[in-house]
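A.B. asks:
2 protein chains.
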Amino acid sequence: MRVAIPLYPRYTALDAVGPYTVLATAPGCTVTFVAAEAGPVTDDQGTLTLTAAASYADLPDPDVIVVPGGLGTLDALSDEALVGWIREAHRHTRWTTSVCTGSFLLGEAGLLRGLKATTHWALLELLERFGAEPVSERVVIEGKIVTAAGVSSGIDMALTLLAAAGGAETAQAVQLAIEYDPRPPFNAGSPGTASEETRQRALNLLS
Amino acid sequence: MRVAIPLYPRYTALDAVGPYTVLATAPGCTVTFVAAEAGPVTDDQGTLTLTAAASYADLPDPDVIVVPGGLGTLDALSDEALVGWIREAHRHTRWTTSVCTGSFLLGEAGLLRGLKATTHWALLELLERFGAEPVSERVVIEGKIVTAAGVSSGIDMALTLLAAAGGAETAQAVQLAIEYDPRPPFNAGSPGTASEETRQRALNLLS
């Protein structure tokens, strides 16, 4: 499978690198970071730069796309090179996926109308703007469109995708290879389990 | 806190980017990728390139170091610029940490003698070579030295570190900000829960 992950200014690094690590570890997958032009693209903390190996034009027909979110996503909605690439690539994909606010870019490309979808908990209701039905789940599968919740959920999404695409055995082997046996030190990773104070602090970190 | 993450040829991307995302999201933390020379460094899949913003010489005295592992770690044991930087930086750190086989680099720097430590499950016993006592735990804290298990464990390690350094409230807010509410689709992330067949498949992926 040829997987493409688009990078745009101020993406969130883990949105991209979580699924990348899962998929690039799987046999038979090649993952390429793409951007408007090949070259360095910096994340939303301003301190991590990934290199896009190819331009959108170089990879118009990937089998899978994984669209990351980030603090730059809302600005990226008016990036017609990116949104147009997503729309066109989707015609060819086996899976069209997003992590976190990356789902807004799928929405802007017109791909979520009438579908259930998810995104980061803090911005879930914004999905309605794109004609989607927001659902608070970790990974939402609607035909070939797969959306995932905030940031770290891309790891779960990519493993789910691998299981669907290559069988449970492959997904389990990759899970073990990356020793994905999570042990969060707190039960604060969801707005349903975190305190109201934690919620406010998290919103401050995201603003 | 000034955090430095060294990059060397063929590191594993998630080892570095998991802790990066946790720590860079926290208030008052700045994270810098460093390398022998500032510039691009490619991972162990050959398809992801991060930019080191600074050289080892530029950042000799960080408050925290996070040493990633990767398929290139065993070669990196003879990289005296890297090992020497780790040894010297450790004299100044508040925390000296590693993810996955990154602990072998701490060991090569002479920092693990007589201490409990961990690494990727597949290579756990190798820690004895460095005078450490291998333990099969997700995160191992020995004074200011913190080692974590394979790849994805760096997220748990960084949240544990944040809680120790900045208080549970900060760690919980970051956990919620990155929506770290993991839902692995399988219970195969540890050699204790995966089948023997999965274990063999995972070893094949890592070789």
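Residue numbers (my numbering), protein chains in the order written: chain A, 171 to 377; chain B, 171 to 377. Even for Gly, the Cβ is constructed at its ideal location relative to N, Cα and C.
Please list, in chain order, all residues of the same chain as residue 184/A whose beta carbon is under 8 angstroms from its beta carbon, the five residues on each side excluded.
C.D. replies: Hits under 8 angstroms: 321, 322 and 324.
A.B. asks: Under a Cβ-count criterion, where at least 16 other Cβ atoms within 10 Å of its own Cβ denotes burial, should residue 313/A be classed as buried or exposed?
C.D. replies: When all chains shown are included, residue 313/A counts as exposed.
A.B. asks: Whose CA, out of 331/B, 372/B, 317/B and 337/B, lies closest to the CA of residue 341/A?
C.D. replies: It is 372/B whose Cα lies nearest to the Cα of residue 341/A.
A.B. asks: I'd like the span of the alpha helix (DSSP H) that includes residue 255/A, first residue to last.
C.D. replies: Note, residue 255/A: alpha helix (DSSP H), 250–260.
A.B. asks: Using three-state DSSP, classify residue 197/B as helix, strand or coil.
C.D. replies: Looking at residue 197/B - three-state DSSP - the assignment turns out to be coil, as it is neither helix nor strand.
A.B. asks: Could you tell me which residues DSSP puts in a beta bridge with residue 220/A?
C.D. replies: Note: residue 220/A sits in a beta bridge opposite 211/A and 220/B.
A.B. asks: Mind checking residue 370/A: buried by the 16 CB within 10 Å criterion, or exposed?
C.D. replies: Residue 370/A should be labelled exposed.
A.B. asks: Applying a beta-carbon distance threshold of less than 7 angstroms, which residues of chain B neighbour residue 323/A?
C.D. replies: Per Cβ cutoff of 7 angstroms: 349.
A.B. asks: How would you call residue 283/A, buried or exposed, if buried means at least 16 neighbouring beta carbons within 10 angstroms?
C.D. replies: Label assigned to residue 283/A: exposed.
A.B. asks: Hey, would you say residue 266/A sits closer than 8 angstroms to residue 276/A, going by beta carbons?
C.D. replies: A contact, by the Cβ cut-off of 8 angstroms.
A.B. asks: Against chain A, with Cβ distances strictly below 8 angstroms, would residue 176/B count as a contact?
C.D. replies: Closer than 8 angstroms: no.
A.B. asks: Identify the contact partners of residue 181/A in chain B, using a Cβ-Cβ distance below 8 angstroms as the criterion.
C.D. replies: Ordered by position in chain B, no residue passes the 8 angstroms Cβ test against residue 181/A, which lies about 11 angstroms from the chain.
A.B. asks: Compute the distance between the beta-carbons of residue 291/B and residue 361/B, then report whether it is under 8 angstroms.
C.D. replies: Contact: yes.
A.B. asks: List the residues that DSSP assigns as beta-bridge partners of residue 304/A.
C.D. replies: According to DSSP, which records beta bridges pairwise, residue 304/A is partnered with 287/A.
A.B. asks: At the level of alpha carbons, what is the spacing between residue 338/A and residue 332/A?
C.D. replies: The alpha-carbon atoms of residue 338/A and residue 332/A are separated by roughly 8 angstroms.
A.B. asks: At a CB-CB cut-off below 8 angstroms, which residues of chain B make contact with residue 326/A?
C.D. replies: Ordered by position in chain B, the residues that pass the 8 angstroms Cβ test against residue 326/A are 352, 353, 354 and 355.
A.B. asks: Alpha carbon to alpha carbon, how far is residue 205/B from residue 295/B?
C.D. replies: Each residue's alpha carbon lies about 28 angstroms from the other.
A.B. asks: If we ignore side chains and look at the alpha-carbon of each, how far apart do residue 215/B and residue 374/B end up?
C.D. replies: Each residue's Cα considered, the two are about 14 angstroms apart.
A.B. asks: From the beta carbon of residue 359/B, is the nearest beta carbon of chain A less than 8 angstroms away?
C.D. replies: Residue 359/B counts as touching chain A.
A.B. asks: When you compare each of 210/B, 178/B and 346/B to residue 236/B by their alpha carbons, which one comes out closest?
C.D. replies: Here the closest residue by C-alpha is 178/B.
A.B. asks: For residue 368/A, which residues of its own chain have a beta-carbon under 7 angstroms away from its beta-carbon, when the five flanking residues on both sides are left out?
C.D. replies: 358, listed in sequence order.
A.B. asks: Which parts of the region 316–366 of chain B are runs of the alpha helix (DSSP H), unbroken and 4 residues or longer, counting only runs that do not cross its ends?
C.D. replies: Runs found: 323–336 and 338–347.
A.B. asks: Using a C-beta cutoff of 8 angstroms, does residue 320/B count as contacting chain A?
C.D. replies: Chain A contact via Cβ: present.
A.B. asks: Just tell me which of 247/B, 199/B and 240/B has its CA closest to the CA of residue 232/B.
C.D. replies: Residue 199/B is the option with its Cα nearest to residue 232/B.
A.B. asks: Determine the burial state of residue 248/B: buried for a count of at least 16 other Cβ atoms within 10 Å of its Cβ, exposed for fewer.
C.D. replies: Per the 10 Å Cβ criterion, exposed.
A.B. asks: In chain A, what lies closer than 8 angstroms to residue 339/B by C-beta?
C.D. replies: Near residue 339/B (Cβ distances below 8 angstroms), the residues of chain A are 367, 368 and 371.
A.B. asks: Using a beta-carbon distance below 8 angstroms, is residue 378/B in contact with chain A?
C.D. replies: Summary: the structure shown does not reach residue 378/B, with chain B confined to residues 171 through 377, and so no result is reported for it.
A.B. asks: Do residue 194/A and residue 217/B have their CB atoms nearer than 8 angstroms?
C.D. replies: A contact, by the Cβ cut-off of 8 angstroms.
A.B. asks: Following the continuous alpha helix (DSSP H) through residue 312/A, name the residue where it begins and the one where it ends.
C.D. replies: It is not in any alpha helix (DSSP H) - residue 312/A instead sits in the beta strand (DSSP E) that spans 309–312.
A.B. asks: In three-state terms, what does DSSP make of residue 189/A?
C.D. replies: It is helical.
A.B. asks: Going by alpha carbons, who is nearest to residue 327/A out of 172/A, 180/A and 188/A?
C.D. replies: Comparing Cα-Cα distances from residue 327/A to each of 172/A, 180/A and 188/A, the minimum goes to 188/A.
A.B. asks: Can you pull the chain B neighbours of residue 308/A, defined as C-beta to C-beta under 8 angstroms?
C.D. replies: Those are 351 and 353, listed as they occur along chain B.
A.B. asks: Determine, using beta carbons only, whether residue 232/A comes closer than 8 angstroms to chain B.
C.D. replies: Not closer than 8 angstroms to any Cβ of chain B, the Cβ of residue 232/A fails to qualify, so no.
A.B. asks: By Cβ distance, which residues of its chain are closer than 7 angstroms to residue 261/A, with the 5 residues on each side in sequence left out?
C.D. replies: Closer than 7 angstroms at the Cβ level, and outside the excluded window around residue 261/A, lies no residue.
A.B. asks: With 8 angstroms set as the bound, which would you pick, yes or no: does the beta-carbon of residue 188/B sit closer than that to a beta-carbon of chain A?
C.D. replies: True, the Cβ-Cβ gap to chain A drops below 8 angstroms.
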